[in-house]
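S.K.:
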Amino acid sequence: MEELSADEPDPAQDAGVPVPTGRTGGARTEPARAPGSASAASAEDAVIATRALTKRYRGGQLAVDGLDLTVPAGSVFGFLGPNGSGKTTTIRMLMGLIEPTSGTASVLGRPMPRSARTVLPHVGALIEGPALYGFLSGRDNLLRYDAADPTADPRTRRTRVETALERVGLSAAAGKKARAYSLGMKQRLGLAAALLQPRRLLVLDEPTNGLDPQGMREIRSLVRELASDGTTVFLSSHLLDEIEQVCTHAAVMAQGRLVVQGPVADLAAGARGRLVVNTPDTGDAARILKEQGVTDLVVTDTGVSAEAPERELAELNTALVMAGVRVRGFGVERASLEDAFVALTGEGFDVAG
Amino acid sequence: MSRAEGRPNQYAQPAPEPKQAPALDPSPAPKPEPEPPTGREPHPASVTGRDPHPADPPTLHRAPVPVPVSAPVPAPVPVPVSAPVPAPVRVPSPMWTLGLFRDELVTTFRRWRTIALLGVLAAVPILIGVAVKVETSGGSSAGGGGGEGPAFIAQITNNGLFLVFTGLAATLPFFLPMAIGVIAGDAIAGEANAGTLRYLLVAPAGRTRLLLTKYATTMTFCLVATLVVAVSAFAVGALLFPLGELTTISGTRITFAEGLGRALLIALVVAASLTGVAALGLFVSTLTNSGIAAMATTVGLLITVQILDQIPQLHALQPYFFSHYWLSFADLMRDPVYWDELVRNLELQALYAAVFGTAAWARFTTKDITA
Chain Z
75 MEELSADEPD PAQDAGVPVP TGRTGGARTE PARAPGSASA ASAEDAVIAT
125 RALTKRYRGG QLAVDGLDLT VPAGSVFGFL GPNGSGKTTT IRMLMGLIEP
175 TSGTASVLGR PMPRSARTVL PHVGALIEGP ALYGFLSGRD NLLRYDAADP
225 TADPRTRRTR VETALERVGL SAAAGKKARA YSLGMKQRLG LAAALLQPRR
275 LLVLDEPTNG LDPQGMREIR SLVRELASDG TTVFLSSHLL DEIEQVCTHA
325 AVMAQGRLVV QGPVADLAAG ARGRLVVNTP DTGDAARILK EQGVTDLVVT
375 DTGVSAEAPE RELAELNTAL VMAGVRVRGF GVERASLEDA FVALTGEGFD
425 VAG
Chain C
357 MSRAEGRPNQ YAQPAPEPKQ APALDPSPAP KPEPEPPTGR EPHPASVTGR
407 DPHPADPPTL HRAPVPVPVS APVPAPVPVP VSAPVPAPVR VPSPMWTLGL
457 FRDELVTTFR RWRTIALLGV LAAVPILIGV AVKVETSGGS SAGGGGGEGP
507 AFIAQITNNG LFLVFTGLAA TLPFFLPMAI GVIAGDAIAG EANAGTLRYL
557 LVAPAGRTRL LLTKYATTMT FCLVATLVVA VSAFAVGALL FPLGELTTIS
607 GTRITFAEGL GRALLIALVV AASLTGVAAL GLFVSTLTNS GIAAMATTVG
657 LLITVQILDQ IPQLHALQPY FFSHYWLSFA DLMRDPVYWD ELVRNLELQA
707 LYAAVFGTAA WARFTTKDIT A
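Chains as they are written, first to last, in our numbering: chain Z, 75 to 427; chain C, 357 to 727.
1) What are the boundary residues of the alpha helix (DSSP H) that includes Leu553/C?
2) Ignoring anything shorter than 4 residues or poking outside the stretch 161–228 of chain Z, list the alpha helix (DSSP H) runs there in chain order.
3) At what residues does the beta strand (DSSP E) containing Lys129/Z begin and finish?
4) With a threshold of 8 Å between beta carbons, is Thr527/C in contact with chain Z?
5) Any C-beta of chain Z within less than 7 Å: which residues of the stretch 522–556 of chain C qualify?
6) Of all the CB atoms in chain C, is at least one closer than 8 Å to the CB of Ala199/Z?
7) Consider the Cβ of Glu173/Z: report whether some Cβ of chain C lies at a distance smaller than 8 Å.
8) What beta strand (DSSP E) runs, 3 residues minimum, are completely inside the stretch 324–411 of chain Z?
9) Check whether the stretch 320–338 of chain Z touches the stretch 147–161 of chain Z, taking contact to mean three or more Cβ pairs, one atom from each stretch, closer than 8 Å.
10) Report, in whole angstroms, the separation of the C-beta atoms of Phe685/C and Val625/C, which I expect to be a contact under 8 Å.
11) Is the CB-CB distance between Glu407/Z and Arg348/Z below 8 Å?
12) Comparing C-alpha positions only, which one of Arg273/Z, Val333/Z, Leu265/Z sits nearest to Val416/Z?
13) Chain C beta carbons: is any one of them nearer than 8 Å to that of Pro109/Z?
14) Does the contact criterion of 3 or more C-beta pairs under 8 Å hold for the stretch 550–566 of chain C versus the stretch 602–611 of chain C?
15) Given Pro422/C, which residues of its chain have a CB within under 7 Å of its CB, disregarding the five upstream and five downstream residues?
16) DSSP three-state call for Asp303/Z: helix, strand or coil?
17) Taking its Cβ as the centre, do 16 or more other Cβ atoms sit within 10 Å of Thr178/Z, making it buried, or is it exposed?
18) Run through the stretch 608–674 of chain C for me and flag every whole alpha helix (DSSP H) of 4 or more residues, listed as ranges in chain order.
19) So Leu270/Z packs on Asp220/Z, CB below 8 Å; how close in whole Å?
20) Compute the distance between the beta-carbons of Gly367/Z and Pro383/Z, then report whether it is under 8 Å.
21) Have a look at the DSSP bridge pairing and note the partners of Ser310/Z.
22) Which chain C residues are close to Tyr219/Z, counting only those with a beta carbon under 8 Å from its beta carbon?
23) How about the stretch 587–598 of chain C and the stretch 680–700 of chain C: do they share at least three Cβ pairs that are nearer than 8 Å?
24) Which class does Lys250/Z belong to by DSSP, given the choice of helix, strand or coil?
25) Could you tell me which chain Z residues have their CB closer than 8 Å to the CB of Thr453/C, listed as they occur along the chain?
26) Here's the rule I'm using: 16 or more other beta-carbon atoms within 10 Å means buried, otherwise exposed. How should Met267/Z be labelled?
27) Considering only residues of the same chain and omitting the five flanking positions on each side of Ala543/C, which have a CB-CB separation below 7 Å?
28) Against chain Z, does Trp717/C count as a neighbour if the rule is that its beta carbon must be under 8 Å from one of theirs?
29) Looking at the structure shown, is Asp139/Z part of a helix, part of a strand, or coil, going by DSSP?
30) Whether or not the stretch 160–175 of chain Z and the stretch 195–203 of chain Z are in contact is what I'm after, with contact meaning three or more pairs of Cβ atoms, one per stretch, closer than 8 Å; do they touch?
31) My guess is that Leu477/C and Thr522/C are in contact by the Cβ rule of under 8 Å, so how many angstroms apart are they, rounded?
32) Going straight from the alpha carbon of Leu216/Z to that of Thr714/C, what length do you get?
33) From what residue to what residue does the alpha helix (DSSP H) around Thr522/C run?
34) When the Cα atoms are used, what is the spatial distance from Ala120/Z to Thr653/C?
35) In the DSSP output, which residue or residues are listed as bridge partners for Thr603/C?
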């Protein structure tokens with residue numbers, strides 16, 4: 075993308091411009107630039123775009139099959155799918171860790187894995203859980219990961235590390251050996267590593283894994299905050315309600331194929347809600363509803379549920395009441411993303427929460 | 357990015373406002389931190405304390421004096437401007453790339469395992485020195501009753517400096533290469549096993565850069581390990597035995613200073629003798645995701661080759677075994693020095709380094725990182 079090619083002007087300015095002046099100048103112009111750039115980006119290519127991306131492992135197993143994924147700039151993108159559906163393989167291909175068998179992937183407008191060295195400094199990633207050097211302290215772990223980035227300025231390294239530690243709430247434990255960390259602390263440290271630099275894209279694979287509810291909330295608000303600053307967040311998660319709460323867009327994978335992608339609101343709307351009648355007279359209610367042409371009836375202890383019909387619901391209620399059915403509650407439950415998900419993948423899903 | 361405005365703030369204790377960060381930070385690095393608190397649109401980069409230069413490049417470089425006027429102006433350079441990037445440009449200094457090597461060195465030599473390996477290596481000359489001292493304390497000479505021992509062992513009682521040669525001769529066949537095998541074998545495979553490899557690569561460390569860093573670190577370890585043996589041997593030798601002029605293998609006498617020089621040269625040659633094993637170990641390390649397996653394979657190969665090197669029927673192959681010319685370092689103690697085998701040894705090591713280094717590179721740069 076453009077900013078990447080912006081490398082050339084720098085040497086000049088890096089050399090000569092007095093820093094303080096530069097800062098104010100930069101600050102002034104920043105807001106002015108922002109809008110234009112945003113529209114340019116959205117009009118232009120997406121932050122992540124894959125075309126027919128395919129990965130077949132040596133054993134012949136087709137892990138990802140013709141994936142066409144588009145992640146719009148500035149979105150919080152939820153990446154869903156049952157275990158083994160190819161999510162992690164996709165993420166690894168995007169990060170240049172795995173070579174695609176065929177198809178192309180581009181991140182920040184540059185082809186991956188070829189442009190890994192120019193693209194990845196702008197990407198923070200948490201892939202398949204945190205991995206740490208147990209014999210190093212949390213702080214030293216971050217220092218090491220930062221040193222691995224050739225574009226990271228060693229002069230600001232310690233400051234950036236401390237800032238990242240603070241953001242994830244680990245400052246107090248920064249001096250402890252990482253092997254003594256709990257899973258939640260490791261997860262936080264992994265996140266801190268992704269936040270060592272200002273990033274344009276964050277790829278977070280199950281970021282709330284192992285965190286307590288408080289920690290999950292913190293991560294969610296962190297994600298929102300990052301997104302509000304314009305960072306695109308690519309989030310894979312098993313927690314559907316989490317995706318629903320945080321994400322603007324989502325994609326669903328099943329068996330290596332992309333089932334659907336789009337704005338979360340559209341996805342949830344795709345699945346129809348269910349009519350729920352709360353009544354002690356379940357038998358009568360079911361009979362009446364059936365007479366009224368309602369389908370997919372399910373009788374439970376507390377009432378009856380059915381596929382929401384397209385017609386005026388008040389008439390249904392009248393029919394029930396006229397027939398002497400005692401109605402405690404009557405209404406349509408909005409379809410959740412989970413309903414949409416199950417409808418799409420046609421199978422159960424490992425819903426952890 | 358690190359802006360904190362609208363944050364409801366679950367971060368009460370952890371990280372309220374990034375602005376604070378620099379303040380809390382003990383680091384001496386001068387940060388652009390005075391600005392964030394002013395409440396202006398903080399440039400994300402500035403808040404996180406990144407270097408000011410890369411932070412706001414496009415604008416400054418064209419608007420040097422014409423003050424803020426140029427604010428909403430186009431931008432100096434059309435391209436970068438339109439970038440929606442928070443941190444538009446980073447101007448990495450070429451020197452920064454060495455940061456990984458430095459960190460790798462520090463990390464390696466701080467590990468308990470590395471220190472233990474060096475400790476074992478340092479103990480070998482101590483054991484030899486003490487054994488020789490005890491055995492000869494009755495008055496008999498070391499060579500007399502003991503039969504065959506490592507090279508130069510008979511001379512130690514006359515001159516402690518010979519303990520350096522003996523120590524290196526005793527550790528070169530096994531202890532030193534085993535230590536190298538552990539470090540080299542674990543270099544990539546150990547990172548893969550811990551999962552840290554994927555984070556190094558997305559940092560992005562760069563595969564070639566990471567491999568070179570690992571090889572350079574292993575080579576440094578070769579040198580340090582050899583020097584540890586030599587220094588330990590010299591210290592013990594000086595402590596337990598007399599020092600002074602010494603007799604070369606050829607029978608001539610050289611001064612102590614020259615002897616010391618040759619000892620250093622020998623240490624360097626021994627370290628260089630290990631480059632082949634280091635490359636081999638690194639190659640093995642790229643083949644597996646298990647550090648233990650890589651270490652075991654490397655050490656196993658080492659033992660196998662040394663055994664094969666003893667089988668007369670394999671005479672034709674033996675000149676190509678990496679360990680075949682190892683003990684040629686003794687030729688440095690001839691007067692004049694007999695260079696033939698020394699040179700052949702170094703050539704062989706260079707060949708191994710080239711072949712297995714290339715193989716490791718070919719393997720590592722194309723490998724799918726699934727760990």
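A virtual CB, placed ideally from N, CA and C, is assigned to each residue, including glycine.
M.R.: Let me spell this out:
1) 552–558
2) Entirely contained in the stretch 161–228 of chain Z, the alpha helix (DSSP H) runs reaching 4 residues are, in chain order, 161–168, 190–193, 212–222.
3) 122–130
4) no
5) Those would be Ala550, Gly551, Thr552, Arg554, Tyr555, Leu556, in chain order.
6) At least one chain C Cβ lies under 8 Å of Ala199/Z.
7) yes
8) 331–337, 348–352, 377–381, 403–407
9) Output reads yes: the stretch 147–161 of chain Z touches the stretch 320–338 of chain Z.
10) Val625/C and Phe685/C do touch by the CB rule: their CB atoms are close to 5 Å apart, below 8 Å.
11) Yes, these two residues count as a Cβ contact at 8 Å.
12) With distances taken between Cα atoms, Val416/Z lies closest to Val333/Z.
13) In this prediction, Pro109/Z has a pLDDT of 36, which is less than 50 and means its spatial position is unreliable; nothing more can be read from the coordinates.
14) no
15) A caution first: Pro422/C carries a pLDDT of 39, below 50, which makes its placement in the model too unreliable to give a value.
16) coil
17) exposed
18) 612–629, 631–643, 647–664
19) 5 Å
20) yes
21) Residue pairing for Ser310/Z: DSSP places it in a beta bridge opposite Phe153/Z, Asp279/Z.
22) Tyr555, Leu556, Ala559
23) The stretch 587–598 of chain C makes no contact with the stretch 680–700 of chain C: fewer than 3 CB pairs, one atom from each, lie closer than 8 Å.
24) Of the three classes helix, strand and coil, the one that applies to Lys250/Z here is coil, per DSSP.
25) Pro224
26) In the sequence on display, residue 267/Z carries Ala and not Met. Buried.
27) Lys570, Thr574, Leu638, Ser641
28) Residue-level contact by beta carbon fails for Trp717/C and chain Z, as no gap is shorter than 8 Å.
29) Residue state, collapsed to three classes: strand.
30) yes
31) Not confirmed; about 14 Å, so no contact.
32) 31 Å
33) The continuous alpha helix (DSSP H) containing Thr522/C extends over residues 518–527.
34) 46 Å
35) Arg609/C
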